[in-house]
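Enquirer:
Protein chains: 2
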Amino acid sequence: MQPTGKTKVKRAPFRGNYDIGKINEILDAHFLCHMGFVYDGYPVVIPTLYGRSGNKILIHGATTSRMIKSLEKGIEVSVSITLVDGIVLARSAFHHSMNYRSVVLFGKAEKVILEAEKLSALKCISDQVAPDRWEEVRFPNKKELKATVILSLTIQEASAKVRTGPPVDDKEDYERDIWAGEIPLKMKSEKEVSDPLLKEGIQASEVIKNLKKKYS
Amino acid sequence: MQPTGKTKVKRAPFRGNYDIGKINEILDAHFLCHMGFVYDGYPVVIPTLYGRSGNKILIHGATTSRMIKSLEKGIEVSVSITLVDGIVLARSAFHHSMNYRSVVLFGKAEKVILEAEKLSALKCISDQVAPDRWEEVRFPNKKELKATVILSLTIQEASAKVRTGPPVDDKEDYERDIWAGEIPLKMKSEKEVSDPLLKEGIQASEVIKNLKKKYS
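Chains F and B supply the protein sequences, listed in that same order. The first sequence lines up with residues 1 to 216 when you count with the working numbering. The second sequence lines up with residues 1 to 216 when you count with the working numbering.
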């Protein structure tokens, strides 16, 4: 993917990456994005779930949502996805940092109209959050589908930015008696909590076990 | 805090919260925000570290950063902070959800000019990411301070949105033989990784141990 005026990483350009494989890898590692758009002249940033399907980012929302009502008009949006991988502790305050993987992308969302496409978009978002859960639950009915707007955003302009590894201190600071390194951070699951209204005798399925494993 | 046209939660309004205590609690629980602004007519969302000091959000960046150069002009910004607390698994695809705590706020950033104020803002951001680390590292020198822009954003318009608890399914779906509940998610630390260039014999300090504990 070619960097554009919008996506070229200006600050720490050596951390910029325009490889679509790398961009997709980061997009597939998360399910929450921050969606930015201009509403009534001012910027708005809203967190929302997403799924990636090929070169598209799919999001969903209620017909009544301000974000959905704005985006379905086909206005410009900016989507940012960030995975926090660790806190980087340097010997100097200035060189403290964060290890992360992030993607920023730009485009216009289009409303998905066909029922079959809406269903497959919902499956995609569902799979991104909880792989294979779609197959074991009740599918959306007509009324639910009607109340849900699906927006599809083609990934045309995007860049990834990644930081990994130890701190980079000024040469003279390496002699200081200060511990330096990284504390890796990772999103992890805790024990599942059954719905208090769960029907008696129902055990967590393989899908649930695998989801916990994904965050173990 | 009064909800405004910008901050009033429209979708699932019962999840909206305008209490400044609750807003601050969420702001204090994270260190990464997504900053939205309008650049050259299009929206841009960039992840960045922040610190909260009283009713202000402080961010920092290089003088060369596009975000910093845009924001220091005093343009409108929208800041979104989201903590993912769990995946909510319902019996129906439609009622799947996420447990989360989020804040969306609006305002204009002002450049911090005085050196003493810049230093205390940097300490605030540092403390938000790694409490008390500031005291054990080399402070920023004149050159580093000059290369760093600090922006301060007064929290004037803000709202929190929070979801907790089990899924809420349609009445008739509770009879289905499908496991439902929550998989709690939490950002956790793994074993610290010492800088390969660490001076021999230096051990991780209490500050580092406490930081790991914070994410245990």
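Just so it is clear, CB atoms sit at the ideal spot from N, CA and C, and this is done for glycine as well. Just so you know, these numbers come straight off a predicted model, no measurement behind them.
For B/Ile183 and B/Ala147, I'd like the C-alpha separation in whole angstroms.
Expert: Here residue 183 of chain B refers to the residue found at position 183 when the second sequence is read from its first residue. Here residue 147 of chain B refers to the residue found at position 147 when the second sequence is read from its first residue. Going by the C-alpha atoms only, they are around 44 Å apart.
Enquirer: I'd like the list of long-range same chain contacts for F/Pro245, defined as Cβ closer than 8 Å, with 5 residues on each side in sequence excluded.
Expert: This structure cannot settle anything about residue 245 of chain F, because the visible part of chain F is limited to 1 through 216.
Enquirer: For B/Asn141, count neighbouring C-beta atoms within 10 Å of its own C-beta (all shown protein chains included) and say buried if the count is 16 or more, exposed if not.
Expert: What you label residue 141 of chain B is simply residue 141 of the second sequence in a count that begins at 1. Result: exposed.
Enquirer: At least one CB of chain F closer than 7 Å to the CB of B/Met1: is that the case?
Expert: Within the second sequence, numbered from 1, the residue matching residue 1 of chain B stands at position 1. With 7 Å as the cut-off, B/Met1 does not count as an interface residue toward chain F.
Enquirer: Under DSSP, the beta strand (DSSP E) around B/Arg163 begins and ends at which residues?
Expert: To locate residue 163 of chain B, count along the second sequence from 1; it is residue 163. From DSSP, the beta strand (DSSP E) with B/Arg163 extends over Glu157 to Arg163.
Enquirer: Mapping DSSP to helix, strand and coil, what is F/Leu114?
Expert: Stepping through the first sequence from its first residue, residue 114 of chain F is reached at position 114. Here F/Leu114 sits in coil by DSSP.
Enquirer: Using the beta-carbon of each residue, which ones in chain F are nearer than 8 Å to B/Lys199?
Expert: Mapped onto the second sequence, residue 199 of chain B falls at position 199. Within chain F, the residues near B/Lys199 are Tyr174, Glu175, Arg176 and Asp177.
Enquirer: In its own chain, which residues sit with a C-beta less than 6 Å from the C-beta of B/Ser152, not counting the 5 before and 5 after it?
Expert: In the second sequence, the residue the question calls residue 152 of chain B occupies position 152. Only Lys56, Leu58, Glu110 and Val112 meet the Cβ criterion.
Enquirer: Give me the chain F residues within the contact set of B/Pro167, using Cβ-Cβ distance strictly less than 7 Å, ordered along the chain.
Expert: Against the second sequence, residue 167 of chain B aligns to sequence position 167. Correct list: Asp195.
Enquirer: Run through the DSSP bridge pairs and tell me what F/Ser53 is partnered with.
Expert: Position 53 of the first sequence holds residue 53 of chain F. According to DSSP, F/Ser53 bridges with F/Lys56.
Enquirer: Please report the Cβ distance between B/Leu185 and F/Met187, rounded to the nearest whole angstrom; I am assuming they are in contact, meaning their Cβ atoms lie under 8 Å.
Expert: Numbered from its first residue, the second sequence carries residue 185 of chain B at position 185. Numbered from its first residue, the first sequence carries residue 187 of chain F at position 187. The pair is a contact, with the Cβ atoms about 5 Å apart (cut-off 8 Å).
Enquirer: Considering only C-alpha positions, which residue in the set F/Lys212, F/Asp28, F/Leu197 and F/Arg163 is nearest to F/Met98?
Expert: To locate residue 98 of chain F, count along the first sequence from 1; it is residue 98. Of the candidates F/Lys212, F/Asp28, F/Leu197 and F/Arg163, the one whose C-alpha sits nearest the C-alpha of F/Met98 is F/Arg163.
Enquirer: Does the distance from the CB of B/Val45 to the CB of F/Gly36 come in under 7 Å?
Expert: The residue you call residue 45 of chain B lines up with position 45 of the second sequence. The residue you call residue 36 of chain F lines up with position 36 of the first sequence. In contact: B/Val45 and F/Gly36 (Cβ atoms closer than 7 Å).
Enquirer: Checking the sheet assignment: what are the DSSP bridge partners for F/Lys108?
Expert: Numbered from its first residue, the first sequence carries residue 108 of chain F at position 108. Answer is F/Glu76.
Enquirer: Use the C-beta contact count for F/Lys73: other C-beta atoms within 10 angstroms, 16 or more gives buried, fewer gives exposed.
Expert: The residue given as residue 73 of chain F occupies position 73 in the first sequence. Per the 10 Å Cβ criterion, exposed.
Enquirer: When you compare each of F/Gly165, F/Ser194 and F/Trp179 to B/Gly165 by their alpha carbons, which one comes out closest?
Expert: Locating residue 165 of chain B in the second sequence gives position 165, where the first residue counts as 1. For B/Gly165, the nearest C-alpha among the options comes from F/Ser194.
Enquirer: Since I believe B/Val129 is in contact with F/Ile178 (beta carbons under 8 Å), could you give me their beta-carbon distance rounded to a whole number of angstroms?
Expert: Against the first sequence, residue 178 of chain F aligns to sequence position 178. Against the second sequence, residue 129 of chain B aligns to sequence position 129. Their Cβ separation, rounded to whole angstroms, is 16 Å, which puts F/Ile178 and B/Val129 out of contact at 8 Å.
Enquirer: Please report how far the alpha carbon of B/Ile208 lies from the alpha carbon of B/Glu135, in whole angstroms.
Expert: Counting from one through the second sequence, the residue named residue 208 of chain B turns up at place 208. Counting from one through the second sequence, the residue named residue 135 of chain B turns up at place 135. Approximately 12 Å, taken between the alpha carbons.
Enquirer: Under 8 Å Cβ to Cβ from B/Ser216, same chain only, skipping five residues before and after it: list those, please.
Expert: Looking up residue 216 of chain B in the second sequence gives position 216. Around B/Ser216: Lys188 and Ser189.
Enquirer: Who are the Cβ neighbours of B/Cys124 in its own chain at under 7 Å, not counting the five residues just before and after it?
Expert: Looking up residue 124 of chain B in the second sequence gives position 124. Closer than 7 Å at Cβ, skipping near neighbours: Gly51, Ser53 and Leu58.
Enquirer: Assuming B/Ile68 is part of the beta strand (DSSP E), what are its boundary residues?
Expert: Position 68 of the second sequence, counting from 1, holds the residue named residue 68 of chain B. Element bounds for B/Ile68: not the beta strand (DSSP E) but the alpha helix (DSSP H), Arg66 to Leu71.
Enquirer: On a CA-only basis, which of B/Ser65, B/Glu76, B/Ile155 and B/Glu192 is nearest F/Gly41? Give me that one, please.
Expert: Working through the first sequence from its first residue, we reach residue 41 of chain F at position 41. Closest option to F/Gly41, Cα to Cα, is B/Glu76.
Enquirer: Should F/Arg66 be flagged as near chain B, meaning a C-beta pair shorter than 7 Å?
Expert: Along the first sequence, read from residue 1 onward, the residue named residue 66 of chain F stands at position 66. F/Arg66 counts as touching chain B.
Enquirer: Roughly how many angstroms lie between the CA atoms of F/Pro217 and F/Arg176, to the nearest whole one?
Expert: This structure leaves residue 217 of chain F out entirely; chain F is present only between 1 and 216.
Enquirer: Give me the DSSP bridge partner(s) of B/Val103.
Expert: Within the second sequence, the letter at position 103 stands for residue 103 of chain B. DSSP lists B/Ile81 and B/Ala160 as partners of B/Val103.
Enquirer: Which one of B/Lys6, B/Glu206, B/Gln203 and B/Ser205 has the shortest CA to CA distance from B/Val104?
Expert: The residue you call residue 104 of chain B lines up with position 104 of the second sequence. Among B/Lys6, B/Glu206, B/Gln203 and B/Ser205, the Cα nearest to that of B/Val104 belongs to B/Lys6.
Enquirer: Residue range of the beta strand (DSSP E) that F/Ile183 falls in?
Expert: The residue labelled residue 183 of chain F in the question sits at position 183 within the first sequence. That run of the beta strand (DSSP E) goes Gly181 to Ser189.
Enquirer: Over the uninterrupted alpha helix (DSSP H) stretch that includes B/Gly21, give me the two end residues.
Expert: If you number the second sequence from 1, residue 21 of chain B lands on position 21. Note, B/Gly21: alpha helix (DSSP H), Ile20 to Asp28.
Enquirer: Taking 7 Å as the CB-CB limit, is B/His34 close to chain F?
Expert: As a working note, residue 34 of chain B is residue 34 in the second sequence. Chain F, which has a Cβ nearer than 7 Å to the Cβ of B/His34, makes this yes.
Enquirer: Applying a beta-carbon distance threshold of less than 9 Å, which residues of chain B neighbour F/Val44?
Expert: Position 44 of the first sequence, counted from the first residue, corresponds to residue 44 of chain F. Within chain B, the residues near F/Val44 are Lys6, Gly36, Pro43, Ser78, Ser80, Val104 and Phe106.
Enquirer: Measure the Cβ-Cβ separation of B/Pro167 and B/Ala93 and say whether it is below 7 Å.
Expert: Translated into positions along the second sequence, residue 167 of chain B becomes position 167. Translated into positions along the second sequence, residue 93 of chain B becomes position 93. No, the Cβ-Cβ distance between B/Pro167 and B/Ala93 is not below 7 Å.
Enquirer: Is F/Ala116 close to chain B, meaning its C-beta is less than 7 Å from at least one C-beta of that chain?
Expert: The residue you call residue 116 of chain F lines up with position 116 of the first sequence. For F/Ala116, the answer is no, since every Cβ of chain B falls outside 7 Å of its Cβ.
Enquirer: At the 7 Å Cβ level, is B/Ala29 part of the contact set with chain F, yes or no?
Expert: Working through the second sequence from its first residue, we reach residue 29 of chain B at position 29. By this cut-off, B/Ala29 is not an interface position.
Enquirer: Find the residues of chain B that neighbour F/Pro13, judging by a C-beta separation of less than 8 Å, and give them in chain order.
Expert: Walking along the first sequence from the start, residue 13 of chain F turns up at place 13. Ordered by position in chain B, no residue passes the 8 Å Cβ test against F/Pro13, which lies about 10 Å from the chain.
Enquirer: Output the boundary residues of the beta strand (DSSP E) element that contains F/Ile202.
Expert: Start at 1 with the first residue of the first sequence, and residue 202 of chain F comes out as number 202. Unbroken run through F/Ile202: none, as it is neither H nor E.
Enquirer: Over the uninterrupted beta strand (DSSP E) stretch that includes F/Leu153, give me the two end residues.
Expert: In the first sequence, the residue the question calls residue 153 of chain F occupies position 153. Counting along the chain, the beta strand (DSSP E) containing F/Leu153 begins and ends at Thr148 to Thr154.
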